């Protein structure tokens, strides 16, 4: 019998989802240090900058390990948002 990996099922567990331009999930990262959306957004921004092919990142309440996270995210950052932020800072 194969052992199934456990994941945090608590209602406050958050996950960062990176999607490519087609909307496909390309990365999933559990937020292990904080269950706060604002804190998770800082990590999500870094994922968007560093993950090749990422067009947007989303923060969701964690679901099953194979979920496609089709529901409404708690927060979203897109590449366009990064460009706007950089232009405003200039």
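In the working numbering, the protein residues as written are 20 to 109. Every residue, glycine too, gets a C-beta built ideally from N, C-alpha and C. This structure is a prediction, so every number in the text was calculated from the model and none was measured.
If you reduce the DSSP assignment to three classes, tell me which class residue i lands in.
i, result
"residue 64", "helix"
"residue 104", "helix"
"residue 40", "coil"
"residue 83", "coil"
Under the rule that 16 or more other beta-carbon atoms within 10 Å means buried, what is residue i, buried or exposed?
i, result
"residue 52", "exposed"
"residue 67", "buried"
"residue 107", "exposed"
"residue 37", "buried"
"residue 102", "exposed"
Can you name the residues that DSSP bridges to residue i?
i, result
"residue 94", "78"
"residue 46", "37"
Check whether the segment 56-66 and the segment 81-92 touch, using three or more Cβ-Cβ pairs below 8 Å as the test. no
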